[in-house]
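**Student:** To start, I am sharing the structure in question, which I have written as structure tokens.
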Amino acid sequence: MRRRVAAATGCLLALVMTLAACSKNTGQHGTTDSNRKLVGVIATDPKDSQGPAPEVTGASKGGTFYVLKSAKISHLDPQRIYSFVGLQAAPLYARTLTTWKDDGKGNLKLVGDLATTPGEDVNKDCKTWKFTVKDGVKFEDGTAITSKSIAYGIARSFDADLTGGPTYIQEWLANSADYDTAWDFKANKASLPPGLTTPDDKTLQFQFAKPHCDLPFAASLPFTAPMEPAKDTGVNLDTQPLASGPYKVTKNVPGVELDMERNPNWDPATDPVRHQYPDKFVWRFGADRDSADNRMISDSGPDQTALAWDDVSTSLMAKVAGNAALSDQVLTSPTPSEARLSINMQRVTDLSIRQALNYAIDRDDLIKTLGGANVAEPVTTLMPPSTIGYQAYDAYPAGKTGDPAKAKEVLAGKTPSLVLAVMDDEQDLELGTQLKNNLEKAGFKITVKPVPEDSMLDAVGEKNNPWDLYISNWAADWPSGASILPPLYDGRGIKDSGNNDVSYMNDPAIDAEFDRVLAMDPAQQGPEWAKLDQRVMKEIAPAVPLYVDVRYVLHGSKAGGLYVGSVFGYPAFTNAFVKS
Amino acid sequence: MLRFLTRRLLSAVLVLFAVSVLSFLMFFALPRDPVTAMCPKNCNPARLERVRQELGLSDPLYQQYVGYMKGIFVGRDLSSALGGHCDAPCLGYSYVNSEPVTRTITRVLPVTLSIVLPAAVLWLALGVGLGMISALRRGTLLDRLAIGFSLAGASLQLYFVGAVLLLVFCYTLHVVPVPHYTSIWSNPLDWADGLVLPWVTLAFLFSAIYARLSRAQMLETLSEDFVRTARAKGLSKSTVYGRHALRAAITPIVTIAGMDVGAALGGTVVTETTFGLQGLGRTVWDAVREGDLPTLMATVLIAAVFVVVANILVDVLYAFIDPRVRLR
């Protein structure tokens with residue numbers, strides 16, 4: 385549900401694509417779980433939220449776990465975190481109201497983290513939510529974490545100085561997108577935002593003007609991490625956050641190194657998901673992707689216990705995929721980040737044209753252009769396979785390589801001229817050429833229009849943009865259809881600029897369906913979103929689903945317990961350990 | 192000499208002023224808006240404007256510039272979003288790195304100095320040495336080898352040589368560690384160990400030009416009348432070559448060395464990227480990509496200071512090396 389994150393994904397993908405296009409490697413390799421099917425639930429049994437987390441087979445305590453990454457983590461302050469790496473690093477030092485129990489195989493369960501359960505919908509209307517804080521949870525300085533410190537953490541996310549983080553809970557509490565003017569944090573530090581109350585040290589209550597059934601999901605984002613008012617250093621907290629998780633930041637040289645050591649005040653008995661196996665986590669920034677991967681291949685010294693965070697560059701993909709000895713060091717999985725060919729429905733009003741585009745698409749060739757199966761995996765649904773309740777279907781079956789004849793038949797003699805906007809970097813231009821060649825076989829006339837990379841996201845978000853087709857990415861903040869379909873296809877949210885509904889689909893019947901499903905118990909929503917996904921594709925076809933990104937990273941031979949997290953599709957550290 | 196220095200310093204100030212104004216304008220000409228990156232989702236124009244005001248980016252350009260320059264000399268008060276009061280020399284507060292830029296610079300400058308200065312000593316010693324030897328042994332196998340070596344250095348690129356050296360000596364043979372920076376004051380051996388590969392790479396590439404240049408200069412000088420006269424007076428070979436010929440030949444080399452070292456200190460982007468070191472060059476690059484104006488301004492200014500100071504130093508050195516040059 386993040387334009388920025390979607391953009392970041394786009395950038396990452398762009399990098400992958402450039403290099404991927406060189407090798408055309410299609411070998412599938414390593415510990416891939418490409419058939420990962422997400423079974424996600426909200427825990428109803430409070431026992432699920434209790435610690436300790438089950439021991440990881442083969443794990444032992446000790447050692448230093450290294451993470452090599454080319455660029456620094458943009459924010460460490462939990463209230464400001466919104467990058468993928470930040471979201472994956474934060475659980476090491478920050479605990480939140482709720483969290484995901486993820487087995488790395490697709491079984492996801494939302495559980496209470498600092499709270500005893502993933503939240504109680506008091507009146508069953510999703511407007512009043514109650515959380516009870518666990519006993520024995522403490523900050524790194526030994527102070528007890530109370531409902532008041534969690535509420536203060538949420539309150540400080542209203543501070544206009546603390547930019548960068550997600551804004552769901554702030555907007556829901558303030559019932560306005562201008563939450564920072566609706567409640568001024570700096571002027572009201574001693575109080576709490578409207579709707580947020582702490583009747584006692586253990587109870588935290590949210591009161592919303594409108595129903596927000598997704599609160600338990602949103603509460604898993606780091607902005608619900610607790611904070612002691614006396615220790616709040618404002619913008620400077622970003623370099624030295626206050627830990628509540630199993631590790632605490634002991635050294636932070638921005639852009640160079642980030643060290644985390646064991647937090648003795650973290651009690652495993654209170655934590656259902658995290659471990660504290662390595663003595664230390666050391667993040668090193670600056671090494672480019674090639675050099676980090678070469679170090680993983682070389683596998684010597686401290687690099688044996690390291691993870692190279694960035695995806696394997698395509699210049700090395702063939703070498704890595706073709707080397708069986710490295711298969712134990714590869715971590716790969718499809719991710720929830722999906723790319724689609726969005727159709728601007730304000731311009732392409734004819735349903736048969738949108739359907740014909742779906743019949744014509746040659747995903748096989750598209751993925752080869754991207755770099756093969758280690759870079760992307762085809763999809764035919766609007767929601768990625770890693771969404772709770774996902775059901776596979778293909779509304780326009782045309783095989784892996786598309787069916788130009790069927791597309792022509794649907795077009796019934798029409799030869800639509802369409803403008804395809806692509807980012808003006810090398811890989812997107814290449815993708816544009818591929819799509820043009822592909823679609824023109826079915827009778828379309830495609831003009832590829834390059835748009836400066838920096839302005840692409842804003843340009844397609846302009847309601848009156850002059851293009852018919854564009855590739856857009858979406859990575860949801862939680863794996864529910866609620867954070868995919870309504871933000872992308874609810875026509876009531878369309879504004880002059882800054883749109884997420886870049887298909888500009890505006891169908892009152894579907895909007896009403898969105899409202900109906902959103903008002904349901906989140907645990908029941910999954911299959912409903914899946915049905916709606918099919919209905920939208922069959923009746924409206926606002927886009928051509930293309931592919932999901934595939935994560936493909938390397939780690940040292942003695943780095944254990946790593947898995948690709950099901951929620952964001954990046955390596956997760958909750959089970960990480962150093963092999964002895 | 193004093194008049195010369197005063198004049199050069201005044202023109203240096205003018206150059207630095209021009210650079211500061213240009214880099215300020217350059218930032219505002221960049222296509223990306225740093226505020227959009229601060230405000231990731233559902234940022235309506237009103238909220239964007241509030242963030243912009245908070246960061247001081249909605250003030251008139253000249254006001255922002257004056258505020259920035261004032262901070263360097265007397266310090267300034269920044270908004271709470273920018274860390275509050277900032278002592279002189281205040282280079283602003285980076286909203287991307289969440290720290291005062293002066294702290295960033297204090298951290299990254301020693302890295303660049305540690306890469307460039309020892310490498311410069313190496314490349315000058317190697318380049319000038321090779322050039323002299325091949326000039327004095329003109330036409331011999333040694334001369335040809337030295338020429339071949341310098342030709343290779345002159346035609347290769349740092350990102351290629353660096354990657355090959357890393358692959359061979361670091362990842363495969365494990366004879367040198369992965370390049371890293373440790374302060375020379377805390378552990379001199381580890382400092383040298385971590386930077387030896389960048390030094391060797393830079394020395395190999397840069398020395399090529401110096402070898403060719405000093406060979407040509409030396410050959411030209413050796414054919415001058417004063418050398419013949421000195422030899423005819425009965426001076427020893429070492430005195431003629433070392434004191435007379437070398438001194439005359441080295442003047443243009445000093446000019447180029449001054450410019451090279453100044454420019455390298457200002458930003459070894461490729462070196463630092465190739466070896467994964469976070470020095471001034473990488474910091475400039477990151478600042479451009481992230482639209483981080485305060486850091487960009489500071490790094491560009493510091494780079495300009497290096498180039499300007501290096502040029503003044505070269506001019507002063509001239510007077511000492513070549514007695515024919517007198518500074519007025």
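If you read the protein sequences in the order shown, they are chains A and B.
Just so we're aligned, residue 385 is where the first sequence starts under this note's numbering, counting upward by one.
Just so we're aligned, residue 192 is where the second sequence starts under this note's numbering, counting upward by one.
Here a beta-carbon is modelled for each residue, glycine too, at the ideal position from N, C-alpha and C.
Along the alpha helix (DSSP H) that carries Ser856 (chain A), what are the first and last residues, could you check?
**Tutor:** As a position in the first sequence, residue 856 (chain A) is number 472, starting the count at 1. In the DSSP assignment, Ser856 (chain A) falls outside any alpha helix (DSSP H) and lies within the beta strand (DSSP E) extending over Leu853 to Trp858.
**Student:** Curious, which full-length alpha helix (DSSP H) runs of at least 4 residues does the region 465 to 495 of chain B contain?
**Tutor:** Whole alpha helix (DSSP H) segments, 4+ residues: 471 to 481.
**Student:** What residues in the region 635 to 667 of chain A have a beta carbon less than 7 Å from any beta carbon of chain B?
**Tutor:** Those would be Val637, Pro638, Gly639 and Val640, in chain order.
**Student:** Please report the residue range of the beta strand (DSSP E) in which Lys485 (chain A) lies.
**Tutor:** Within the first sequence, numbered from 1, the residue matching residue 485 (chain A) stands at position 101. Note, Lys485 (chain A): beta strand (DSSP E), Thr482 to Asp486.
**Student:** Against chain B, with Cβ distances strictly below 7 Å, would Tyr964 (chain A) count as a contact?
**Tutor:** In the first sequence, the residue the question calls residue 964 (chain A) occupies position 580. It should be pointed out that residue 964 (chain A) corresponds to Ser in this sequence rather than to Tyr. Not an interface residue.
**Student:** Between the beta-carbon of Gly845 (chain A) and the beta-carbon of Val832 (chain A), is there less than 7 Å?
**Tutor:** Locating residue 845 (chain A) in the first sequence gives position 461, counting from the first residue. Locating residue 832 (chain A) in the first sequence gives position 448, counting from the first residue. No, these two residues do not count as a Cβ contact at 7 Å.
**Student:** By Cβ distance below 6 Å, which residues in the same chain neighbour Phe952 (chain A) in space, the five residues on each side in sequence not counted?
**Tutor:** The count along the first sequence starts at 1 and reaches residue 952 (chain A) at position 568. Counting only Cβ-Cβ distances below 6 Å, and skipping sequence neighbours, we find Phe468 and Leu471.
**Student:** Within 7 Å of any Cβ in chain B, is that where the Cβ of Asp545 (chain A) sits?
**Tutor:** On the first sequence, residue 545 (chain A) is found 161 positions in, with the first residue counted as 1. Asp545 (chain A) counts as touching chain B.
**Student:** For my contact list, Val495 (chain A) and Ala427 (chain A) are in at a C-beta cut-off of 8 Å; report their separation, rounded to the angstrom.
**Tutor:** Numbered from its first residue, the first sequence carries residue 495 (chain A) at position 111. Numbered from its first residue, the first sequence carries residue 427 (chain A) at position 43. Rounded, the Cβ-Cβ distance is 5 Å, consistent with contact.
**Student:** For a cutoff of 7 Å on Cβ pairs, would you count Gly322 (chain B) as touching chain A?
**Tutor:** If you number the second sequence from 1, residue 322 (chain B) lands on position 131. No, Gly322 (chain B) lies away from the interface with chain A (no Cβ there is under 7 Å from its Cβ).
**Student:** Counting only beta-carbon separations shorter than 7 Å, does Ala474 (chain A) have a partner in chain B?
**Tutor:** Reading the first sequence from its first residue, position 90 is the one you call residue 474 (chain A). So, not an interface residue.
**Student:** For the alpha helix (DSSP H) that Thr175 (chain B) lies in, which residues bound it at each end?
**Tutor:** Chain B is shown only over 192 to 519; residue 175 (chain B) falls outside these bounds and no answer can be derived.
**Student:** Find out if the Cβ-Cβ distance for the pair Gly629 (chain A), Leu476 (chain A) is shorter than 7 Å.
**Tutor:** Translated into positions along the first sequence, residue 629 (chain A) becomes position 245. Translated into positions along the first sequence, residue 476 (chain A) becomes position 92. Yes; because the gap between Cβ atoms is below 7 Å, this pair is in contact.
**Student:** Beta carbons nearer than 9 Å to chain A: which residues of the region 248 to 268 of chain B have them?
**Tutor:** Taking 9 Å as the Cβ-Cβ cut-off against chain A, none of the residues of the region 248 to 268 of chain B qualify.
**Student:** State the start and end residues of the unbroken beta strand (DSSP E) segment that holds Tyr936 (chain A).
**Tutor:** The count along the first sequence starts at 1 and reaches residue 936 (chain A) at position 552. From DSSP, the beta strand (DSSP E) with Tyr936 (chain A) extends over Ala927 to Leu938.
**Student:** Is there a C-beta anywhere in chain A that falls below 7 Å from the one on Glu240 (chain B)?
**Tutor:** Within the second sequence, the letter at position 49 stands for residue 240 (chain B). Judged by the 7 Å Cβ criterion, Glu240 (chain B) is not in contact with chain A.
**Student:** Any beta carbon from chain A within less than 7 Å of Ala272 (chain B)'s own beta carbon?
**Tutor:** Translated into positions along the second sequence, residue 272 (chain B) becomes position 81. Answer yes: the Cβ-Cβ gap between Ala272 (chain B) and chain A drops below 7 Å somewhere.
**Student:** Who does His276 (chain B) pair with in a DSSP beta bridge?
**Tutor:** Position 85 of the second sequence, counting from 1, holds the residue named residue 276 (chain B). Paired residues: B:Asp268.
**Student:** So with Cβ pairs under 7 Å, would you call Asn678 (chain A) a contact of chain B?
**Tutor:** Translated into the one-based positions of the first sequence, residue 678 (chain A) becomes position 294. Cβ-Cβ to chain B under 7 Å: yes for Asn678 (chain A).
**Student:** Name the residues in the region 454 to 476 of chain B whose C-beta lies less than 9 Å from a C-beta of chain A; which are they?
**Tutor:** Glu463, Thr464, Thr465, Phe466, Gly467, Leu468, Gln469, Arg473 and Thr474
**Student:** Report yes if the C-beta distance between Tyr362 (chain B) and Asn678 (chain A) is below 7 Å; otherwise report no.
**Tutor:** On the second sequence, residue 362 (chain B) is found 171 positions in, with the first residue counted as 1. On the first sequence, residue 678 (chain A) is found 294 positions in, with the first residue counted as 1. Contact flag set, yes.
**Student:** Compare the C-beta of His365 (chain B) with all C-beta atoms of chain A and state if any pair is closer than 7 Å.
**Tutor:** Mapped onto the second sequence, residue 365 (chain B) falls at position 174. Yes, its Cβ sits closer than 7 Å to a Cβ of chain A.
**Student:** Sorted by chain position, which residues of the same chain lie with C-beta nearer than 6 Å to Gln909 (chain A)'s C-beta, five sequence neighbours on each side aside?
**Tutor:** What you label residue 909 (chain A) is simply residue 525 of the first sequence in a count that begins at 1. Val901, listed in sequence order.
**Student:** Pick out the complete alpha helix (DSSP H) segments inside the region 844 to 899 of chain A, 4 residues or longer, and give them in chain order.
**Tutor:** 869 to 873
**Student:** Going by C-alpha distance, which of A:Pro871, A:Asp674, A:Asp838 and A:Asp852 is nearest Leu741 (chain A)?
**Tutor:** Here residue 741 (chain A) corresponds to residue number 357 of the first sequence, with the count starting at 1. Of A:Pro871, A:Asp674, A:Asp838 and A:Asp852, the residue nearest in Cα terms is A:Asp852.
**Student:** Could you run through the region 279 to 293 of chain B and flag, in chain order, every residue whose CB is less than 7 Å away from some CB of chain A?
**Tutor:** Asn288, Ser289 and Glu290
**Student:** Whole angstroms are fine: how far does the CA of Phe395 (chain B) sit from the CA of Val496 (chain B)?
**Tutor:** As a working mapping, residue 496 (chain B) is identified with position 305 in the second sequence. As a working mapping, residue 395 (chain B) is identified with position 204 in the second sequence. The alpha-carbon atoms of Val496 (chain B) and Phe395 (chain B) are separated by roughly 27 Å.
**Student:** Against Arg298 (chain B), what residues of chain A qualify as contacts under a CB-to-CB distance less than 9 Å, listed in chain order?
**Tutor:** Here residue 298 (chain B) is taken as the residue at index 107 of the second sequence, counted from 1. The contacting residues are Val637, Pro638, Gly639 and Val640.
**Student:** Name, in chain order, the residues that DSSP records as bridge partners for Met807 (chain A).
**Tutor:** To locate residue 807 (chain A), count along the first sequence from 1; it is residue 423. Bridge partners of Met807 (chain A): A:Val835.
**Student:** Does Asp451 (chain B) pass the burial test, meaning 16 or more other C-beta atoms within 10 Å, or should it be called exposed?
**Tutor:** Locating residue 451 (chain B) in the second sequence gives position 260, where the first residue counts as 1. Burial call: buried.
**Student:** Touching or not, the region 637 to 655 of chain A and the region 429 to 440 of chain A, by the rule of three or more beta carbon pairs under 8 Å?
**Tutor:** yes
**Student:** Taking the alpha carbon of Ala345 (chain B) as the reference point, which residue from B:Tyr253, B:Ala402 and B:Val355 has its own alpha carbon closest?
**Tutor:** Taking the first residue of the second sequence as 1, we reach residue 345 (chain B) at position 154. Ala345 (chain B) has its Cα closest to that of B:Ala402, out of B:Tyr253, B:Ala402 and B:Val355.
**Student:** If I follow the unbroken alpha helix (DSSP H) through Phe351 (chain B), where does it start and stop?
**Tutor:** The sequence position of residue 351 (chain B) within the second sequence is 160, counting from 1. Leu349 to Leu356 is the extent of the alpha helix (DSSP H) around Phe351 (chain B).
**Student:** Any beta carbon of chain A sitting closer than 7 Å to that of Tyr156 (chain B)?
**Tutor:** Residue 156 (chain B) cannot be examined here, being either before or after the span of chain B that is shown, 192 to 519.
**Student:** Would DSSP call Glu245 (chain B) helix, strand or coil?
**Tutor:** Locating residue 245 (chain B) in the second sequence gives position 54, where the first residue counts as 1. It is helical.
**Student:** Whose C-beta lies closer than 6 Å to the C-beta of Lys431 (chain A) among residues of the same chain, with five residues either side of it excluded?
**Tutor:** One-based indexing of the first sequence puts residue 431 (chain A) at position 47. If you ignore the 5 residues before and after Lys431 (chain A), its C-beta comes within less than 6 Å of no other C-beta in its own chain.
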